[in-house]
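At position 71 of the sequence shown the residue is numbered 1483 (our numbering), and the sequence of numbers has no breaks. Report on the following structure.
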Amino acid sequence: MQGDFARGCRMSRNTKIILAILAVGAVFVGLMGYLANARRAGQSVAAQAIVLSAERELPSGKRKKENTIVTLAYAAGTAQAQGRARVDGPHLADYPAGRTVRICYDPSNTSSIRIEEGACG
């Protein structure tokens, strides 16, 4: 009886390969999520920034949708800094040059910024 059960539970080589690929994919997705959260946590300081320019980023390669890249100038502590933030979707009209926006930046890497959506950190 036990022999019949063991024979019935054998996985084919293809099944093992598929399970291995799924496991590697799950680890990759988890690692990317962790890195995104770590980067976002580092962007812990809020500041006012002035939009210098905004440009379209057209879909290419892995990117399937259009984004907006916003170049900003701001004070990082006592130093002036500039950085670029990616905004999902086509939002050129939302970021005209001269507009003031709130950002979050990483004090150890002042060019690592994002346009604030909620609390920083």
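Just so you know, even glycine gets a beta-carbon here, dropped at the ideal spot from N, CA and C.
Please state whether the Cβ-Cβ distance between residue i and residue j is less than 7 angstroms.
i       : j       : result
LEU1484 : GLY1495 : yes
ARG1498 : ASN1521 : no
VAL1457 : TYR1507 : no
Below 6 angstroms CB to CB, which residues in the same chain sit around residue i once its five sequence neighbours on both sides are set aside?
i       : result
GLU1467 : ILE1481
PRO1519 : VAL1457
HIS1503 : THR1480
Residue i: buried (16+ other C-beta within 10 angstroms of its C-beta) or exposed?
i       : result
ALA1435 : exposed
ALA1509 : exposed
ALA1491 : exposed
ALA1488 : buried
ILE1430 : exposed
ALA1531 : exposed
ILE1433 : exposed
Given residue i, which residues of its chain have a CB within under 7 angstroms of its CB, disregarding the five upstream and five downstream residues?
i       : result
ARG1511 : VAL1463
*Is there contact here, the region 1453-1470 with the region 1517-1525, by at least three beta-carbon pairs under 8 angstroms?*
yes
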